[in-house]
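Here the structure is laid out as structure tokens; the discussion comes afterwards.
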Amino acid sequence: MAGQRPHAASSGDRPAAFTARSQAADLLRFSHAGLRQTGAHGWAKDSVVIEALLGAAVGVLTILLARSIRGEGWLYSIGLLLLPSLYALFALQAGEHAVGVKEMLYGLPFLAAGLLFALVSLRQSAIVVAAFWMLHGLYDLMHARLITNPGVPPWYPVWCCAVDVVIGAYLLWLSRRVVDANLRRA
Numbered sequence: 029m030a031g032q033r034p035h036a037a038s039s040g041d042r043p044a045a046f047t048a049r050s051q052a053a054d055l056l057r058f059s060h061a062g063l064r065q066t067g068a069h070g071w072a073k074d075s076v077v078i079e080a081l082l083g084a085a086v087g088v089l090t091i092l093l094a095r096s097i098r099g100e101g102w103l104y105s106i107g108l109l110l111l112p113s114l115y116a117l118f119a120l121q122a123g124e125h126a127v128g129v130k131e132m133l134y135g136l137p138f139l140a141a142g143l144l145f146a147l148v149s150l151r152q153s154a155i156v157v158a159a160f161w162m163l164h165g166l167y168d169l170m171h172a173r174l175i176t177n178p179g180v181p182p183w184y185p186v187w188c189c190a191v192d193v194v195i196g197a198y199l200l201w202l203s204r205r206v207v208d209a210n211l212r213r214a
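Counting from 29, one number per residue, gives the positions in the sequence shown under the numbering used here.
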């Protein structure tokens with residue numbers, strides 16, 4: 029039938045990979061609390077994938093830097109100090125001082141863990157620091173539901189989550205290779 033548009037396929041007509049991609053896109057849309065625009069089929073834009081890949085690349089580069097300067101014993105702990113600070117800086121840049129204070133209050137566990145493990149040598153510290161990095165990745169995905177911070181760029185939560193998960197996974201791997209999983213002995 030010339031001149032007619034083909035009808036959109038129903039979800040039952042879609043291959044499994046197509047449906048899985050749609051479900052993953054729905055999860056990403058949920059985590060961004062509607063900040064993402066979606067395409068004609070309800071998919072999150074490809075920019076989310078690019079943000080995640082760039083974040084993973086930065087995570088790998090951070091690991092390589094830490095290994096090259098022999099900073100694995102302290103760099104990841106110090107990094108925990110930066111995580112809440114960046115969100116607070118975004119708020120301050122947007123002129124939202126109260127939001128910046130709230131960001132730092134939410135970040136107190138990361139600040140405390142970062143200081144503790146940067147200064148003290150403890151058994152199992154690599155596992156605990158890894159857990160904090162991974163928890164921050166979860167915080168990144170839920171951030172828009174917890175705090176309204178107009179200064180946070182739309183790409184930042186996915187990017188930061190990818191960085192956090194790569195570093196956390198590496199620290200878990202490293203904990204199996206270090207005596208007593210003590211990060212200071214890495």
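Yeah, the Cβ is synthetic: ideal placement off N, Cα and C, and Gly gets one too.
Take the Cβ of residue i as the centre, count every other Cβ of all protein chains shown within 10 Å, and call the residue buried at 16 or more, exposed below.
| i | result |
| --- | --- |
| Ala209 | buried |
| Val180 | buried |
If we call anything under 7 Å between Cβ atoms a contact, is residue i one with residue j?
| i | j | result |
| --- | --- | --- |
| Gly142 | Leu109 | yes |
| Leu114 | Val157 | no |
| Ser96 | Phe145 | no |
Should residue i be flagged as near chain B, meaning a C-beta pair shorter than 7 Å?
| i | result |
| --- | --- |
| Ser105 | Although the question refers to chain B, the structure presented lacks it and comprises just one protein chain. |
Rounded to the nearest angstrom, what separates residue i and residue j at their Cα positions?
| i | j | result |
| --- | --- | --- |
| Tyr167 | Gly107 | 15 Å |
| Val83 | Val191 | What sits at residue 83 in the sequence shown is Gly, not Val. Each residue's Cα considered, the two are about 5 Å apart. |
| Arg204 | Glu124 | 43 Å |
| Val148 | Asp74 | 43 Å |
| Phe160 | Leu169 | 14 Å |
| Pro112 | Leu93 | 21 Å |
| Val127 | Gly99 | 33 Å |
| Tyr198 | Leu136 | 23 Å |
| Glu79 | Leu200 | 23 Å |
| Gly165 | Val207 | 27 Å |
| Val76 | Ala85 | 14 Å |
Below 8 Å CB to CB, which residues in the same chain sit around residue i once its five sequence neighbours on both sides are set aside?
| i | result |
| --- | --- |
| Asn177 | Tyr115, Phe118, Ala119, Ala122, Glu124, Val127, Glu131 and His171 |
Check whether the region 177-186 and the region 146-153 touch, using three or more Cβ-Cβ pairs below 8 Å as the test.
Result no; under three Cβ-Cβ pairs closer than 8 Å.
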